[in-house]
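For reference, the structure discussed in these notes is given below.
Residue numbers (our numbering), protein chains in the order written: chain A, 1 to 117; chain B, 1001 to 1116.
Written out as structure tokens, the structure is:
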């Protein structure tokens, strides 16, 4: 199993450019999420998905779009990049929602470091 | 809404000593899970340990244990016999298991430095 993979690892954009961060998992997890991590801070939820065809907004969704056409893939689109979107982006996935035995533990990809000039 | 508080921005511990990293949480939901993640300087997020709100016993995973005090809403991470490789940022997180907000909420983290 590759787990959760993210591409690219690093990206530099100019203000106003658009791009897609890719995320894929091979664990057949229902839940997938995108987080951003700014310097010295914890992770903040951007968007999440509870299954193919179902997405919802997290804490900081503005400026980002997502879609979930398959169980495996959950791309994050930056519509018009801004310097405030300079951050490290993490994708995560997990099984569903029972609270026993560690179910629901989210596994993270290696992250994408994005700089917007 | 749920909230996670980590009040120790930085901690130091001597190699081979034990250390406790504090975490308090706030939720009115009875069904939740508490997680600890380690983030070394390389940047990846590594899952360490999990505690469910209905679990009767404190979780343990090798040198990691979770001191879960439900009435006080605290979920402190205890690392025994610290090693130099334990130097990293540690995040406490919570996930609800009801309603639509089922994703992780993170604390601001504690930077642990293990001294030789």
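Using N, Cα and C, we set each Cβ at its ideal position, and we do this for glycine too.
Quick check on the DSSP output: the beta strand (DSSP E) that includes residue 1077 of chain B runs from which residue to which? 1074-1079
So is residue 116 of chain A buried or exposed if we call it buried at 16+ other beta carbons inside 10 Å? buried
Closest Cα partner of residue 31 of chain A within the set A/110, A/17, A/70 and A/88: A/70
Let me know the secondary structure DSSP gives residue 1104 of chain B once reduced to three states. coil
Which residue or residues does DSSP assign as beta-bridge partners of residue 74 of chain A? Per DSSP, none; premise fails for residue 74 of chain A.
Would you mind stating whether residue 1010 of chain B and residue 1111 of chain B have Cβ atoms separated by less than 8 angstroms? yes
Rounded to whole angstroms, what is the Cα-Cα separation between residue 56 of chain A and residue 3 of chain A? 23 angstroms
Using only alpha-carbon positions, find the residue among A/79, A/85, A/108 and A/105 that is nearest to residue 19 of chain A. A/79
Give the straight-line distance between the Cα atoms of residue 72 of chain A and residue 5 of chain A, rounded to the nearest whole angstrom. 10 angstroms
Could you compute how far the alpha carbon of residue 1073 of chain B sits from the alpha carbon of residue 1115 of chain B? 30 angstroms
Can you check which of these residues, B/1024, B/1030, B/1007 and B/1089, is closest to residue 1055 of chain B by C-alpha distance? B/1030
Which residue's Cα is closest to the Cα of residue 47 of chain A: A/23, A/76, A/29 and A/85? A/76
Anything in chain A within Cβ reach of residue 1091 of chain B, meaning under 7 angstroms, just list it in chain order. 42
Using the beta-carbon count (16 or more within 10 Å), is residue 28 of chain A buried or exposed? exposed
If you follow the beta strand (DSSP E) that residue 62 of chain A is in, where does it begin and where does it stop? Counting along the chain, residue 62 of chain A falls outside any beta strand (DSSP E), and DSSP gives it neither H nor E.
So which of A/82, A/109 and A/105 has the shortest CA-CA distance to residue 89 of chain A? A/109
If you draw a straight line from the alpha carbon of residue 62 of chain A to that of residue 82 of chain A, how long is it in whole angstroms? 11 angstroms
Less than 8 angstroms between CB atoms is the rule here; does residue 1065 of chain B satisfy it with respect to chain A? no
Residue 51 of chain A burial status per 10 Å Cβ neighbour count (16 or more: buried): exposed
Taking the alpha-carbon of residue 1032 of chain B as reference, which of B/1008, B/1068 and B/1018 has the nearest alpha-carbon? B/1068
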